[in-house]
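Residue numbers (my numbering), protein chains in the order written: chain A, 4 to 228; chain B, 25 to 354. Where a beta carbon is used, it is the ideal one built from N, C-alpha and C, also for glycine. As the structure is a computational prediction, the values presented were derived from the model and not from experiment. Okay, so here's the structure we're looking at.
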Amino acid sequence: MILDTRLSLETPEGAALPLAPAGLGVRIMAFLIDMLIKSVAIIIVFTLLGIFGGMGMGIALILTFLLEWFYPVYFEVWHQGRTPGKKNLNIRVINDDGTPVTFGASLLRNLLRVVDFLPLVYLTGIITSLFNARFKRLGDLVAGTLVVYDADPTPDPDFDIKGRQPVPTDFTTDEQRALLAFAERSKRLSPERQSELAGILLPVLKTDEPVITIKQMANSMVGRQ
Amino acid sequence: MKQGQFEALYQRDWQALATLIEQLEARKGSVSAEQLAAFAPLYRQVCHFHALAKERQYSSYLVDRLGDLVIRGHQQLYRRKQPLVHQFLRFIVTDFPRLVRQEQGYFWLATALLYAPALLLFLAVLWQPDLVYTIMAPEQVDKFEEMYNPANRTLGSARESSTNWQMFGFYISNNIGVSFRTFASGLLYGVGSIFFLVFNGLLFGGVAGHLTNAGYTETFFTFVIGHGSFELTAIVISGAAGLKLGYNLLNPGNRTRVEALLQAGRVAIRLVYGVIIMLVIAAFIEAFWSSNNILVAWQKYFVGAVLWGVVIAYLCLSGRQDGRKPPHES
Numbered sequence: 004m005i006l007d008t009r010l011s012l013e014t015p016e017g018a019a020l021p022l023a024p025a026g027l028g029v030r031i032m033a034f035l036i037d038m039l040i041k042s043v044a045i046i047i048v049f050t051l052l053g054i055f056g057g058m059g060m061g062i063a064l065i066l067t068f069l070l071e072w073f074y075p076v077y078f079e080v081w082h083q084g085r086t087p088g089k090k091n092l093n094i095r096v097i098n099d100d101g102t103p104v105t106f107g108a109s110l111l112r113n114l115l116r117v118v119d120f121l122p123l124v125y126l127t128g129i130i131t132s133l134f135n136a137r138f139k140r141l142g143d144l145v146a147g148t149l150v151v152y153d154a155d156p157t158p159d160p161d162f163d164i165k166g167r168q169p170v171p172t173d174f175t176t177d178e179q180r181a182l183l184a185f186a187e188r189s190k191r192l193s194p195e196r197q198s199e200l201a202g203i204l205l206p207v208l209k210t211d212e213p214v215i216t217i218k219q220m221a222n223s224m225v226g227r228q
Numbered sequence: 025m026k027q028g029q030f031e032a033l034y035q036r037d038w039q040a041l042a043t044l045i046e047q048l049e050a051r052k053g054s055v056s057a058e059q060l061a062a063f064a065p066l067y068r069q070v071c072h073f074h075a076l077a078k079e080r081q082y083s084s085y086l087v088d089r090l091g092d093l094v095i096r097g098h099q100q101l102y103r104r105k106q107p108l109v110h111q112f113l114r115f116i117v118t119d120f121p122r123l124v125r126q127e128q129g130y131f132w133l134a135t136a137l138l139y140a141p142a143l144l145l146f147l148a149v150l151w152q153p154d155l156v157y158t159i160m161a162p163e164q165v166d167k168f169e170e171m172y173n174p175a176n177r178t179l180g181s182a183r184e185s186s187t188n189w190q191m192f193g194f195y196i197s198n199n200i201g202v203s204f205r206t207f208a209s210g211l212l213y214g215v216g217s218i219f220f221l222v223f224n225g226l227l228f229g230g231v232a233g234h235l236t237n238a239g240y241t242e243t244f245f246t247f248v249i250g251h252g253s254f255e256l257t258a259i260v261i262s263g264a265a266g267l268k269l270g271y272n273l274l275n276p277g278n279r280t281r282v283e284a285l286l287q288a289g290r291v292a293i294r295l296v297y298g299v300i301i302m303l304v305i306a307a308f309i310e311a312f313w314s315s316n317n318i319l320v321a322w323q324k325y326f327v328g329a330v331l332w333g334v335v336i337a338y339l340c341l342s343g344r345q346d347g348r349k350p351p352h353e354s
């Protein structure tokens, strides 16, 4: 069993959309970035339009109002579900069924921030999002929306090792996958850690260089030289 | 088939899809008609590759990369583009008044919650003038008195247009903000909406009663009657939308609470669209008409009464001709 928060939605094409809901930390970071942008924009608006007296103030008030309530709606609907803060952290808002967020849903989830904010600093929203598997705050629950990670473009793995070796036939598919995953992950592990991990397989592999053997097996699994 | 062979054979297809998706996401790049026509088959093909790759236990980097294309392609394929202008007009002419009639239970409840406290406090203040201080600080009362004192006439005949604009901005941000809060706080089992409706009702009734005692009726009522039709009705509707959320949370019936809220939210947010439109109109009237003191009182009462008639007739009658039921979903 995999203990993570991923979920998969079936599309009309029969494909399973792999989605990873974004958790509290990254969403708070995105919110802070957006808040910073909004505050700077409001300061600029008031200093610039303040010069023009009453009419300038009127326009400034309208712009501030729009920034306060419609800034997230605009970006979520017309920029692929991503406010600048969310874009920066690679997350986006979508509808529950995986389709791009619609105007109504986006407006609803953002109006309900008022309730999520209560009693202060988004306490209601934080608690609610910790009590469901998809990290939804109240606004997301009512609007039927979801914040997910944009899948990172995975770099083409390079196992650094030439040559192939046949995989022992008595390895199950899961075990083969484990070998492959080790080879793919090896770039992020120190050589010592690599040999430590690969060493576990020593009794099964009957070789002196378990790291190289595993990578060569991986080569033969993905069909490269 | 080995993964290497699979990649060599079909890589071209998913790379083509990847470039196409990038063009569509950028929105600026021009996508030709042939490319668009090729998109859906290509997307289905890649969905198929993704399923195959997963089934055949190919390495996770390949599965993930195809999965990423499936998600992004899905976002583009199911993007909803609507004829906005037509929809907007249709909403104003038929959908919104129908929706209000469909939800009239909440509408009347919200009406009672706003006007009953207003009337009660109005009468109470006429009877016992000091009662106005139960809801307002003395300084606030003084401010209102000063604003509507006929001797000052600050609402002014000579008010500059720039001040009008400033007030327009203020009414927009303040009033729509209040109605958004009235709506959203309905999610707290309706309590928030009830609070805002009753509180605003009391405020209005108190001020009206106090200024009547002071003898400033003409300045006050000629000012509020103009935009009151749109503004008060909009506040009532936002309260009604909030009450709908709260009631569905309290009494979801056979549905789960989340499902009940989802369904209520879809209807309620459409009420909020209408509220926004009405409040923009109200702010316009309030800033540029209500404050105008060149006209005599009966003219302002007359126009105010006509505007009330317009709002009531609109909500009662508009969109009745066409027998179809209003859409429940957005």
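- [ ] Pull up the DSSP beta-bridge partners for residue 96/A, would you.
- [x] 150/A
Task: Own chain partners of residue 106/A with C-beta closer than 6 Å, once the 5 adjacent residues on each side are dropped - done: 80
Task: Pick from 269/B, 320/B and 88/B that is closest to residue 283/B, judged by C-alpha positions - done: Minimum Cα distance to residue 283/B is reached at 269/B.
Open item on the list: Once DSSP output is grouped into helix, strand and coil, what is the label at residue 223/A?
Closed with: Helix, per DSSP.
- [ ] Give every residue of the same chain whose Cβ lies closer than 6 Å to the Cβ of residue 210/A, excluding the five residues on either side of it in the sequence, and list them in chain order.
- [x] These residues qualify, in order along the chain: 216.
TODO: Pull up the distance between the alpha-carbon of residue 263/B and that of residue 64/A, whole angstroms please.
DONE: 24 Å
TODO: Look at the alpha carbon of residue 306/B and the alpha carbon of residue 247/B, and state the distance between them as a whole number of angstroms.
DONE: 12 Å
Open item on the list: I'd like to confirm the pairing. Which residues does DSSP put opposite residue 11/A in its beta bridges?
Closed with: 21/A.
Task: Nearest residue (CA-CA) to residue 31/A, options 208/A, 124/A and 141/A - done: 124/A
Open item on the list: Just to confirm my understanding: we take residue 111/B, look at its own chain, exclude 5 residues before and 5 after, and list those with CB closer than 7 Å. What are they?
Closed with: none
Task: Range of the contiguous alpha helix (DSSP H) that encloses residue 253/B - done: 241-274
- [ ] Any chance you could list the alpha helix (DSSP H) runs of at least 4 consecutive residues sitting entirely within the region 68-144 of chain B, in chain order?
- [x] Correct list: 84-101, 108-114 and 120-126.
- [ ] Kindly list, in the order they appear in chain B, the residues whose Cβ is closer than 9 Å to that of residue 180/A.
- [x] Listed along chain B are 81, 83 and 84, each with a C-beta nearer than 9 Å to that of residue 180/A.
- [ ] Establish whether the CB of residue 75/A and some CB of chain B are separated by less than 8 Å.
- [x] no
Task: Residues within the region 180-205 of chain A neighbouring chain B, beta-carbon criterion of under 9 Å - done: 180, 183, 184, 186 and 187
Open item on the list: Mapping the DSSP letters down to three states, classify residue 103/A as helix, strand or coil.
Closed with: strand
Open item on the list: Rounded to the nearest angstrom, what separates residue 294/B and residue 73/A at their Cα positions?
Closed with: Roughly 16 Å separates the two Cα atoms.
- [ ] Could you spell out the range, first to last residue, of the alpha helix (DSSP H) harbouring residue 164/A?
- [x] That residue, residue 164/A, is in no alpha helix (DSSP H); it is neither H nor E in DSSP.
Open item on the list: Give me the residue from 299/B, 109/B, 115/B and 65/B with the minimum Cα distance to residue 342/B.
Closed with: 115/B
Open item on the list: Judging by CA-CA distance, which residue of 54/B, 85/B and 47/B is the nearest neighbour of residue 31/B?
Closed with: 85/B is the residue among 54/B, 85/B and 47/B whose C-alpha sits nearest the C-alpha of residue 31/B.
Open item on the list: Taking the alpha carbon of residue 1/A as the reference point, which residue from 104/A, 23/A, 56/A and 207/A has its own alpha carbon closest?
Closed with: No answer is possible for residue 1/A: the residues shown for chain A start at 4 and end at 228.
Open item on the list: Please state the DSSP three-state secondary structure of residue 203/A.
Closed with: coil
TODO: Starting from residue 119/A, follow the alpha helix (DSSP H) in both directions and report where the run begins and ends.
DONE: 116-120
Open item on the list: Three or more C-beta pairs under 8 Å: does that hold for the region 51-68 of chain B against the region 119-135 of chain A?
Closed with: no
TODO: Using a Cβ cut-off of 9 Å, pull out every chain B residue sitting near residue 38/A, in sequence order please.
DONE: Simply none; closest approach about 17 Å.
Task: Cβ-based neighbour list, residue 182/B, same chain, cut-off 7 Å, excluding 5 preceding and 5 following - done: At residue 182/B the pLDDT is 45, less than 50, meaning the model places this residue with poor confidence; the figure from the coordinates comes in the next sentence. Taken in chain order, the list of residues that qualify is empty.
Task: Residues from the region 189-203 of chain B in contact with chain A, defined by Cβ distance under 8 Å - done: 189, 190, 191, 192, 193, 194, 196, 197, 200 and 201
TODO: Could you run through the region 11-34 of chain A and flag, in chain order, every residue whose CB is less than 8 Å away from some CB of chain B?
DONE: 14, 16, 17, 18, 19, 20, 21 and 22
- [ ] Identify the contact partners of residue 94/B in chain A, using a Cβ-Cβ distance below 7 Å as the criterion.
- [x] 18 and 20
TODO: For residue 227/B, collect the residues of the same chain with a Cβ closer than 8 Å to its Cβ; drop the 5 residues on either side in sequence, then sort them by chain order.
DONE: 159 and 160
Task: Proximal residues of chain A, C-beta to C-beta of residue 98/B below 7 Å - done: 14, 20 and 101
Task: Contact set for residue 49/A: own chain, Cβ-Cβ below 6 Å, skip 5 residues either direction - done: 63
Open item on the list: Quick check on the burial criterion: 16 or more other C-beta atoms within 10 angstroms. Buried or exposed for residue 76/A?
Closed with: buried
TODO: Note down the Cα distance separating residue 353/B from residue 290/B, rounded to an integer number of angstroms.
DONE: Bear in mind that a pLDDT of 46 at residue 353/B, under 50, signals an unreliable position, so the number given afterwards is only what the model happens to contain. Spanning the two alpha carbons is a distance of roughly 6 Å.
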